[in-house]
Amino acid sequence: MQQLLFVLLFGLSLSASLGQDTIPITYDWEPLEVVEISEDRLEAYRNDPAFDYEVVKTERTWWDDFKEWLGNVLLRFFEWVFGAEKAVGFLANFIRIIPYILLGVLIFILIKFFLKANANAMELAKKDESLVVLSEEEHLIKNEDIQVLIQKALTAKDYRLAIRYYYLFILQKMSAKNLIEWQLQKTNDDYLEELQSKELKGPFRTITRLYDYIWYGSFSLDEAKYQRAERAFQKLQQTLDRNA
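Those letters in the sequence shown? Residues -19 to -1, 1 to 225, by mature numbering (1 follows the signal peptide of the UniProt record, and there is no 0).
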């Protein structure tokens, strides 16, 4: 009897609790209002970039492929070094910028290489030019009548060239008198050291200074300036002729 009473009470309480949780369903029977959109408004939406959801795929370049390949290689390397997990944080960011670092290093190396190559080419050109000048001097001193060349330069009013020829003429005379030993690789200072005569040393130092200033210094000469410089050469020439 007590068990039957317990079952009845439990059933009544369960029914009451289920009745409290029930939510009534409300149906909306209002008619739907159709909103029509004109073709002009549709066209405006179509042309509005804010409503353009089309994904445009750009073609990959060789640089994209290279960066992806290099990134994968470096990623596998760092995973091998630091463990099987993928690199994260600072390490991951560092891996991403490594291709740009390598590119910068490559550009720096190429620029340095081309600058060095250009400098070497300029230096070689200077050496070649120097050899041409020296070879010409050797030919003039050993084979030419330099006094004739001096007169030709004066006729052409090329006074700088006349000074150059006059200096070579003095070297030619001193070499012929065995006062100096002319050699291709020697400098004008070397010849000055070779001269033993004090009578010749001073005048030769003077014309050497004039020659360096006028010829190598690209000093422009007119006839009057040439005549003043010529007197120093003539004085040394006369001294050499007296010591014949």
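We put the beta carbon where it would ideally sit given N, CA and C, even for glycine.
Because the structure is a prediction, the values reported are computed rather than measured.
Taking Cβ to Cβ, would you say residue i is nearer than 7 Å to residue j?
i    : j    : result
Y146 : I131 : yes
Q153 : I127 : yes
Y140 : L181 : no
I161 : E175 : yes
A134 : A143 : yes
E119 : L149 : no
Near residue i, what residues of its chain come up, given a Cβ to Cβ distance below 6 Å and the 5 sequence neighbours on each side ignored?
i    : result
Q218 : none
F214 : Y147, I188
For residue i and residue j, what's the separation of their Cα atoms in angstroms?
i    : j    : result
D222 : K216 : 10 Å
T7   : L13  : 17 Å
S178 : R212 : 20 Å
V129 : K206 : 21 Å
D109 : D170 : The predicted model places D109 with a pLDDT of 45, which falls under 50 and marks its position as unreliable, so this point remains unresolved.
Y172 : G198 : 20 Å
N28  : E35  : 12 Å
R57  : L91  : 29 Å
W44  : F94  : 23 Å
V114 : D46  : Interpretation of V114 is limited by its pLDDT of 48, a score under 50 that renders its predicted location unreliable; the figure taken from the coordinates is listed afterwards. Their backbone Cα atoms lie some 56 Å apart in a straight line.
N224 : E204 : 30 Å
Y192 : R209 : 13 Å
W10  : E17  : 22 Å
E40  : V15  : 44 Å
K48  : D21  : 46 Å
W196 : A98  : 30 Å
G85  : K167 : 47 Å
V54  : F89  : 23 Å
Residues in the same chain with beta-carbon distance under 7 Å from residue i, minus the five sequence neighbours each way, listed in chain order, please.
i    : result
F200 : Y194
W163 : I122, L152, S156
Which residues mark the beginning and the end of the alpha helix (DSSP H) in which residue i is found?
i    : result
A205 : 204 to 223
S156 : 140 to 157
D21  : 20 to 28
I131 : 127 to 136
Y192 : 179 to 192
L160 : Careful: L160 lies outside any alpha helix (DSSP H) and carries neither H nor E.
L173 : 169 to 175
Going by beta carbon distance, what residues of the same chain come within less than 8 Å of residue i, once the five residues before and after it are set aside?
i    : result
P184 : A213, K216, L217, T220
R186 : L173
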